[in-house]
Amino acid sequence: MRWKVHGRRTMYESDWVNVYLDDVELPDGTHIDHHVLTMPKASQTAIVLNESRDQVLLIWRHRFITGEWGWEVPAGWVEPGEEAEQSIRREILEETGYGVRRVRKLAQYYAIPGLSSMHFTCWIGIADAPLRLPDGLEAAEVRWHTLISISKLIRDGSVKDGPSLTALGLLNLLGTDEQDDR
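Structural data, given as structure tokens:
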């Protein structure tokens, strides 16, 4: 039942995204051209909890591609030469203004494996005091939301992006006890 790749043509490549057209043989011997997206950098999300672990820090931002506003978890890419944990700490600080105590990996997943190799690591951490103002280019607002209110935000469509929905779903499934560093 395994698909075989016989060749790849480059359609577009950049620092952000690569698009390829693969010559794929299906298990029945049929050949198809299949589009493949790759991301040159690893992607990450972070669940940032308050000290009492009853609130999650989210950012309110506009996404120009969809034309939508929504609440999101901090996220970003690992830059070349950067360690993953260093990267997520940087992203949290840039997007929220908060530093975090020890962070740990919560889960890893492929966002859309039928089309892309985009791989996410989801982290969880406890916030320290704010260290600076958040980057105004990253978020219009940064706000604490109670764990109880997260499901309402999801139901009413205020959380729209897949990485945030996945991270918040993992938080709901696994709980906040995953990181016990009190």
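In my numbering, the protein residues as written are 258 to 439.
Here a beta-carbon is modelled for each residue, glycine too, at the ideal position from N, C-alpha and C.
Just so it is clear, the structure is predicted and the values come from calculations on it, not from any experiment.
In chain order, V330, P331, A332, I345, E348, I349, V357, V360, C379, W380, I381, G382 and A424 place their CB closer than 8 Å to the CB of A303, counting only its own chain and leaving out the 5 sequence neighbours on each side.
Taken in chain order, the whole alpha helix (DSSP H) runs of length 4 or more contained in the stretch 313-385 are 341-353. W273 counts as exposed, since fewer than 16 other C-beta atoms from the protein chains shown sit within 10 angstroms of its C-beta. For P391, the number of other beta carbons within 10 angstroms of its own is at least 16, and it is reported as buried. Taking 8 Å as the upper bound for CB-CB distance, V416 and W328 are in contact here, some 5 Å apart. The bridge partners DSSP lists for D290 are D280. Around E336, the same chain offers K298 and S344 as residues with beta carbons nearer than 8 Å, after the five sequence neighbours per side are excluded. Per DSSP, reduced to three states, the secondary structure at P391 is coil, with no helix or strand assignment. Just measuring C-alpha positions, the residue of T353, D290, H292 and Y277 sitting nearest G393 is T353. Per DSSP, reduced to three states, the secondary structure at N307 is coil, with no helix or strand assignment.
In this structure A396 is buried. Its beta-carbon is surrounded by 16 or more other beta-carbon atoms within 10 angstroms. Selection E398, L428 and G419 evaluated against W317 yields E398 as nearest (Cα-Cα).
For K409, the enclosing alpha helix (DSSP H) stretches over residues L404 to R412.
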